[in-house]
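**Student:**
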Amino acid sequence: MRWIVRPSWPGCPAAPPRGPQLAPGTILGVPVDIDIAKVARLARLALTPEEMERYGAQLGAILEHAVSLQALDIEGVPPTAHPLPMLNALRPDEVEETLDREEVLSQAPDREGPYFRVPPFLEEA
Amino acid sequence: MKGDPADLTIAAAAAAMRAGELSATALLDAVRRRAAATEAQLHAYLTLDFEGAERAAAAADAAFARGEDPGPLAGIPVAVKDNMCTRGMETTCGSRILSGYHPPYDATAVARLRAAGAVVIGKTNMDEFAMGSSTENSAYGPTRNPWDPERVPGGSSGGSAAAVAAGSALGALGSDTGGSIRQPASLCGVVGLKPTYGLVSRYGLVAFASSLDQIGPFARTVTDAATLFEAVAGYDPSDATSYRGPVPEVRPGLEAGPAGLRVGVIAELAGEGNEPAVLAAFARMLEALQGAGAEVRQLSLPSMPYALDAYYLIAPAECSANLARFDGVRYGLRLPGDTVEEMMAASRRDGFGPEVTRRILLGTYALSAGYYEAFYGRAQKVRTRVIEDFARAYKEVDVLVVPTSPTTAFRMGERTEDPLAMYLADVGTIPCNLGGGPGISVPVGLDRWGLPIGFQVLAPPLGEAALLRAARAVEALAGFSARPALATSGVS
């Protein structure tokens, strides 16, 4: 049995040991395949190769611990997203006081007049 | 006044002020002296604002002089965890990414403290974005435990716990997502209360895991914790998840005592895995409760051992979504980048510390296509089982009890290299967050190294009355009156 961590960077660490009750390369019945470079890009984190290596190994260890969850029978159990039985919270659609624009913009790293200014995110035609 | 006013309980200080024996200004001076004597070693605070505090104290004194009563917390110096927005006062969340951030508004909990007359003296240190159990994950350096500066104060609200223990605040607010109020309260020998989910508004609390986060108080007594709870609890239209019903009345039954109280011990969390000294103190308190007329029994809640792993999927998943807002656009740290995506990725990489990065990565992975059902979905179903187990137990007992923390304060640096070892510090506190009910830690004794041991009481959602009655009974039976060396050395 083998822990699958796709080597997305040079020097990917050896697979950590795994519990004996698992199907090959799975956690909680799902084939585990941590593409750490992809996860870092989705999370908008510009990690170095060394950081990816370290975090990839730690993620594996934490997820392996989560394997214990499969020992609890959850057949037919609905998921809980919110601990109290609450439905939609509605309020009257009325004009209210808002934060002061200048006070809000004063915290911006960069601004232009009443706008937040950012580097380009669209190519010029 | 006998003794140093910084060591007074909120109740005693409030009574002394109303009797004309103590002014809010004198009380603030005492707390300032204590902070000056302890902060170099403790580092409980990230920001101290004695100028603002002096104005609030003077306002309280002026109101008393006019014969008015400005509120139950009038003139009481309190501290606020640095993940709650304070208008114009720096709010960093213990993170580099929010260095220099001055919020344009007060969190509702802070506004309510001020409205009750409290004197907000500063912002307390914390694990970055409340992720951690030792306050070692702060970007601004750790807080130390007032009982032993070589040890951690617990976390993530370690600054609030340490300040209340040391006397550099009479009470404080913290936040509790997986035990971040109760565990540091236990390690610092003070009372820490996590109210029912939704009872305290989270408007202005920097979100970590939204289905779990809750604001609550630290104090040196259960009665003081109740006073702070009453001041901050209640519906807030600015927080769509805040509870619309009435706040449970905790004051009338507070002194009802343990006789007739039905107490359940969670078998799965009250045995092996806890240090012998913690278990011994726990057992002594159970005997004391029984001897005082409480009905103590052991109950099995089979889902409890799975709560920790479910939490460490749910909380990172929610954190990865919540922390997406820190992108260098509207506030906080920004690094240069040729494109907006490069700018964001560089800012986030430099702005977040290792534990926050780890949890964002874990959460992003657990929520990504193909893994959602296996990880987040499954954890949410385990959560349902936890809630069902609690509901079944509360048909038979009024409160459940379990050691707050499996160990007393551990040494600084001992667990920083091993995330899993750090996570295990929360094994006794996490079920309460998954279930949504309230929980409280009360100090009941010291181990042989003189480190405090906490006793945790849990109650069903909105069960604050039973919770605080039981906690007050535990407090009275324990008779815990020890104070950390740091609070008494060099103080006349």
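Taken in order, these protein sequences are the chains called A and B.
First residue of the first sequence: 483, per the working numbering; consecutive thereafter.
First residue of the second sequence: 9, per the working numbering; consecutive thereafter.
Where is the CB? At the ideal position from N, CA and C, for every residue including glycine.
Measure how close the beta-carbons of B/Thr-132 and B/Gly-167 come, nearest whole angstrom, since I'm counting them as under 8 angstroms.
**Tutor:** 3 angstroms
**Student:** Does the region 11-27 of chain B come close enough to the region 89-101 of chain B to have 3 or more Cβ pairs within less than 8 angstroms?
**Tutor:** Counting Cβ pairs under 8 angstroms, fewer than three are found: no touch.
**Student:** Between which two residues does the alpha helix (DSSP H) holding A/Arg-536 run?
**Tutor:** Looking at the DSSP string, the run of the alpha helix (DSSP H) that includes A/Arg-536 is 531-547.
**Student:** Is the Cβ-Cβ distance between B/Val-88 and B/Val-127 less than 8 angstroms?
**Tutor:** no
**Student:** Could you tell me the distance, in whole angstroms, from the CA atom of B/Gln-464 to the CA atom of B/Ile-448?
**Tutor:** 6 angstroms
**Student:** Between A/Pro-560 and chain B, is there a C-beta pair that is closer than 8 angstroms?
**Tutor:** yes
**Student:** Considering only the beta carbon of each residue, do B/Glu-501 and B/Pro-203 sit closer than 8 angstroms?
**Tutor:** No answer is possible for residue 501 of chain B: it lies beyond the span of chain B, which begins at 9 and ends at 500.
**Student:** Should B/Ala-180 and B/Phe-226 be called a contact, given that it needs their Cβ atoms to be closer than 8 angstroms?
**Tutor:** yes
**Student:** Under the rule that 16 or more other beta-carbon atoms within 10 Å means buried, what is A/Gly-595, buried or exposed?
**Tutor:** exposed
**Student:** Indicate whether the contact test is met: 3 or more Cβ pairs, each with one atom in the region 513-522 of chain A and one in the region 367-387 of chain B, closer than 8 angstroms.
**Tutor:** Enough Cβ pairs lie closer than 8 angstroms, so yes.
**Student:** Under a CB-based cut-off of 8 angstroms, is A/Ala-563 close to chain B?
**Tutor:** In terms of beta-carbon proximity, A/Ala-563 lines the interface with chain B, with at least one pair separated by less than 8 angstroms.
**Student:** Which same chain residues end up closer than 6 angstroms to B/Pro-468 when comparing Cβ atoms and leaving out the 5 residues on each side of it in sequence?
**Tutor:** These residues qualify, in order along the chain: Tyr-402 and Gly-445.
**Student:** Which residue marks the beginning of the beta strand (DSSP E) containing B/Gln-388, and which one marks its end?
**Tutor:** Taken as a continuous stretch (DSSP letters only), B/Gln-388 belongs to no beta strand (DSSP E), being part of the alpha helix (DSSP H) at 386-401.
**Student:** So, are the CB atoms of B/Ser-165 and B/Ile-189 less than 8 angstroms apart?
**Tutor:** yes
**Student:** Using a beta-carbon distance below 8 angstroms, is A/Gln-503 in contact with chain B?
**Tutor:** The pLDDT assigned to A/Gln-503 is 42, lower than 50, so where the model puts this residue is not dependable; a value taken from the coordinates is nonetheless given after this. No, A/Gln-503 lies away from the interface with chain B (no Cβ there is under 8 angstroms from its Cβ).
**Student:** Cβ of A/Tyr-597 less than 8 angstroms from any chain B Cβ?
**Tutor:** Answer no: the Cβ-Cβ gap between A/Tyr-597 and chain B never drops below 8 angstroms.
**Student:** Would you check if the distance between the CB atom of B/Val-405 and the CB atom of B/Leu-307 is smaller than 8 angstroms?
**Tutor:** yes
**Student:** Which first and last residues belong to the alpha helix (DSSP H) in which B/Gly-79 is found?
**Tutor:** Premise fails: B/Gly-79 is in no alpha helix (DSSP H) and is neither H nor E.
**Student:** Using a Cβ cut-off of 7 angstroms, pull out every chain B residue sitting near A/Glu-585, in sequence order please.
**Tutor:** Pro-112
**Student:** Counting contacts by CB-CB distance shorter than 8 angstroms, is B/Tyr-319 in contact with chain A?
**Tutor:** no
**Student:** Taking a Cβ distance cut-off of 8 angstroms, strictly less, list which residues of the region 15-44 of chain B are near chain A, in chain order.
**Tutor:** none
**Student:** Could you check how far apart the C-beta atoms of B/Leu-476 and B/Ala-234 are, in whole angstroms? I think they sit under 8 angstroms.
**Tutor:** 5 angstroms
**Student:** Can the beta-carbon of B/Ala-173 be found less than 8 angstroms from the beta-carbon of B/Val-198?
**Tutor:** yes
**Student:** Run through DSSP, which three-state label would B/Val-410 get?
**Tutor:** strand
**Student:** Could you tell me which of B/Ala-493, B/Cys-440, B/Ser-141 and B/Met-420 sits nearest to B/Ala-152, measuring between CA atoms?
**Tutor:** In the sequence under discussion, the amino acid at residue 152 of chain B is Arg, which differs from the Ala named in the question. When only C-alpha atoms are compared, the closest one is B/Met-420.
**Student:** Just list the residues that DSSP pairs A/Lys-520 with in beta bridges.
**Tutor:** None; A/Lys-520 has no bridge partner.
**Student:** Report the neighbours of B/Thr-392 on chain A: residues whose CB is nearer than 7 angstroms to its CB, in chain order.
**Tutor:** In chain order: Val-559, Pro-560, Pro-561 and Thr-562.
**Student:** For B/Thr-33, report the span of its beta strand (DSSP E) as first-last.
**Tutor:** Segment 32-50 is the alpha helix (DSSP H) holding B/Thr-33; no beta strand (DSSP E) there.
**Student:** Chain A beta carbons: is any one of them nearer than 8 angstroms to that of B/Asp-397?
**Tutor:** When Cβ-Cβ separations below 8 angstroms define contact, B/Asp-397 makes no contact with chain A.
**Student:** Between A/Pro-506 and chain B, is there a C-beta pair that is closer than 8 angstroms?
**Tutor:** Note on A/Pro-506: pLDDT 49, under 50, position unreliable in the model; no value is reported.
**Student:** Take B/Pro-492 and list the residues in its own chain whose beta-carbon comes closer than 6 angstroms to its own, dropping the five residues that flank it on each side.
**Tutor:** Pro-154, Trp-155 and Ala-173
**Student:** Can you give the Cα-Cα distance for A/Gly-493 and B/Leu-54, rounded to whole angstroms?
**Tutor:** Reliability fails at A/Gly-493, whose pLDDT of 31 lies under 50, so the model's placement of it is uncertain and the value that follows must be treated cautiously. Roughly 40 angstroms between the two C-alpha positions.
**Student:** Residues in the same chain with beta-carbon distance under 6 angstroms from B/Arg-480, minus the five sequence neighbours each way, listed in chain order, please.
**Tutor:** So the qualifying residues of the chain are Val-230 and Leu-262.
**Student:** Along the region 266-283 of chain B, where does the CB come closer than 9 angstroms to a CB of chain A? Name the residues.
**Tutor:** none
**Student:** So which of B/Val-410, B/Phe-360, B/Ala-68 and B/Val-394 has the shortest CA-CA distance to B/Gly-281?
**Tutor:** B/Val-410
**Student:** Please name the residues in the region 198-227 of chain B whose beta-carbon is closer than 7 angstroms to at least one beta-carbon of chain A, in chain order.
**Tutor:** Tyr-205, Gly-206 and Ser-219
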